Amino acid sequence: MQPGTPTAVGDLDTPTIQFTVRQAITRLRYCYERGLVSDPDLSGIVVVKFVIALDGAVTRATATGVDAEVASCVANVILGLEFPKPTGGDVEVTYPFAFEPAQ
(Lines of atoms letter the chains of each structure in order from A and count residues from 1; the text may use other names and numbers.)
(Lines give C-alpha, C1' and ligand atoms only; values in the text may rest on other atoms or scores of the structure.)
Protein backbone atom coordinates (compact mmCIF):
# COMPACT_ATOMS: atom_id res chain seq x y z
CA MET A 1 0.00 0.00 0.00
CA GLN A 2 1.37 3.37 -1.01
CA PRO A 3 -0.19 6.71 -0.07
CA GLY A 4 -0.16 9.23 -2.90
CA THR A 5 0.07 13.01 -2.64
CA PRO A 6 -3.04 14.67 -1.27
CA THR A 7 -4.57 17.86 -2.58
CA ALA A 8 -6.20 20.20 -0.10
CA VAL A 9 -8.40 23.26 -0.34
CA GLY A 10 -8.11 25.26 2.86
CA ASP A 11 -5.55 26.32 5.42
CA LEU A 12 -3.74 23.10 6.35
CA ASP A 13 -0.54 22.22 4.55
CA THR A 14 0.02 18.97 2.67
CA PRO A 15 2.93 17.72 4.85
CA THR A 16 0.77 18.06 7.97
CA ILE A 17 -2.04 16.10 6.33
CA GLN A 18 0.39 13.42 5.15
CA PHE A 19 1.96 13.11 8.61
CA THR A 20 -1.41 12.59 10.28
CA VAL A 21 -2.58 10.03 7.72
CA ARG A 22 0.69 8.10 7.95
CA GLN A 23 0.04 7.61 11.67
CA ALA A 24 -2.84 5.35 10.56
CA ILE A 25 -0.92 3.43 7.89
CA THR A 26 -1.21 0.10 9.75
CA ARG A 27 -4.99 0.43 9.95
CA LEU A 28 -5.19 1.45 6.29
CA ARG A 29 -3.05 -1.51 5.27
CA TYR A 30 -5.34 -3.80 7.29
CA CYS A 31 -8.30 -2.64 5.18
CA TYR A 32 -6.49 -3.84 2.08
CA GLU A 33 -5.33 -7.10 3.67
CA ARG A 34 -8.95 -7.92 4.52
CA GLY A 35 -9.83 -7.40 0.85
CA LEU A 36 -7.03 -9.72 -0.24
CA VAL A 37 -8.65 -12.58 1.69
CA SER A 38 -11.57 -12.64 -0.74
CA ASP A 39 -9.58 -11.56 -3.82
CA PRO A 40 -5.83 -12.37 -3.73
CA ASP A 41 -5.27 -10.34 -6.93
CA LEU A 42 -6.97 -7.21 -5.61
CA SER A 43 -5.10 -4.06 -6.64
CA GLY A 44 -5.76 -0.50 -7.71
CA ILE A 45 -6.36 3.00 -6.42
CA VAL A 46 -8.67 4.16 -3.64
CA VAL A 47 -9.42 7.90 -3.64
CA VAL A 48 -10.64 9.32 -0.34
CA LYS A 49 -12.35 12.70 -0.15
CA PHE A 50 -12.74 14.12 3.32
CA VAL A 51 -13.39 17.33 5.23
CA ILE A 52 -11.36 18.51 8.22
CA ALA A 53 -13.37 20.84 10.47
CA LEU A 54 -12.09 23.77 12.53
CA ASP A 55 -11.62 21.50 15.56
CA GLY A 56 -9.39 19.11 13.56
CA ALA A 57 -12.01 16.35 13.38
CA VAL A 58 -12.92 14.71 10.09
CA THR A 59 -16.60 15.43 9.58
CA ARG A 60 -17.12 13.57 6.30
CA ALA A 61 -15.14 10.91 4.43
CA THR A 62 -16.02 9.00 1.28
CA ALA A 63 -13.84 6.64 -0.74
CA THR A 64 -14.11 5.05 -4.16
CA GLY A 65 -12.10 2.52 -6.13
CA VAL A 66 -10.64 -0.99 -5.98
CA ASP A 67 -13.34 -2.68 -3.90
CA ALA A 68 -16.37 -1.32 -2.03
CA GLU A 69 -15.43 -2.97 1.28
CA VAL A 70 -11.82 -1.79 1.13
CA ALA A 71 -12.93 1.73 0.20
CA SER A 72 -15.47 1.82 3.03
CA CYS A 73 -12.88 0.60 5.54
CA VAL A 74 -10.36 3.24 4.38
CA ALA A 75 -13.00 5.98 4.66
CA ASN A 76 -13.83 4.85 8.21
CA VAL A 77 -10.16 4.94 9.23
CA ILE A 78 -9.82 8.49 7.87
CA LEU A 79 -13.07 9.49 9.59
CA GLY A 80 -11.51 8.56 12.93
CA LEU A 81 -8.37 10.70 12.54
CA GLU A 82 -7.69 13.94 14.41
CA PHE A 83 -5.77 16.61 12.52
CA PRO A 84 -4.23 19.84 13.80
CA LYS A 85 -6.83 22.60 13.90
CA PRO A 86 -6.91 24.51 10.60
CA THR A 87 -7.36 28.25 10.59
CA GLY A 88 -9.84 30.01 8.36
CA GLY A 89 -12.41 27.27 7.83
CA ASP A 90 -12.87 23.67 6.83
CA VAL A 91 -10.27 21.90 4.70
CA GLU A 92 -11.38 19.68 1.81
CA VAL A 93 -8.89 16.92 1.02
CA THR A 94 -8.57 14.42 -1.81
CA TYR A 95 -6.09 11.66 -0.99
CA PRO A 96 -5.23 8.73 -3.31
CA PHE A 97 -3.87 5.41 -2.08
CA ALA A 98 -2.37 2.73 -4.34
CA PHE A 99 -2.97 -0.86 -3.28
CA GLU A 100 -1.16 -3.87 -4.73
CA PRO A 101 -0.19 -7.27 -3.35
CA ALA A 102 3.31 -7.63 -1.91
CA GLN A 103 5.74 -9.41 -4.22
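Per the numbering used here, the very first residue in the sequence shown carries number 0; after that it's consecutive.
Think of the CB as a built atom: it goes at the ideal place given N, C-alpha and C, for glycine as much as any other residue.
This structure is a prediction, so every number in the text was calculated from the model and none was measured.
field: Closest Cα partner of F98 within the set A56, D89 and V73
entry: V73
Straight-line gap, P2 to S37 (C-alpha atoms, nearest Å): 22 Å
message: With DSSP as the reference, identify every bridge partner of F81, one or two as the case may be.
response: For clarity, residue 81 is Glu in the given sequence; the question names Phe instead. E81 is bridged to A56.
- prompt: Which full runs of the beta strand (DSSP E) of 3+ residues lie inside the region 12–71, going along the chain?
  reply: 43–51 and 57–63
- prompt: So V69 and G34 are in contact, right, with Cβ under 8 Å, and what is the actual spacing, rounded?
  reply: 4 Å
query: Do P61 and A52 have their CB atoms nearer than 8 Å?
result: As written in the sequence, residue 61 is Thr, which differs from the Pro given in the question. Not closer than 8 Å, so no.
message: Assuming the contact rule is C-beta atoms closer than 8 Å, E91 and V50 should be a hit. Round their C-beta distance to whole Å, please.
response: 6 Å
query: Where does P39 land, buried or exposed, given buried means 16+ other C-beta within 10 angstroms?
result: exposed
Which residues DSSP lists as bridging P95, in chain order: V46
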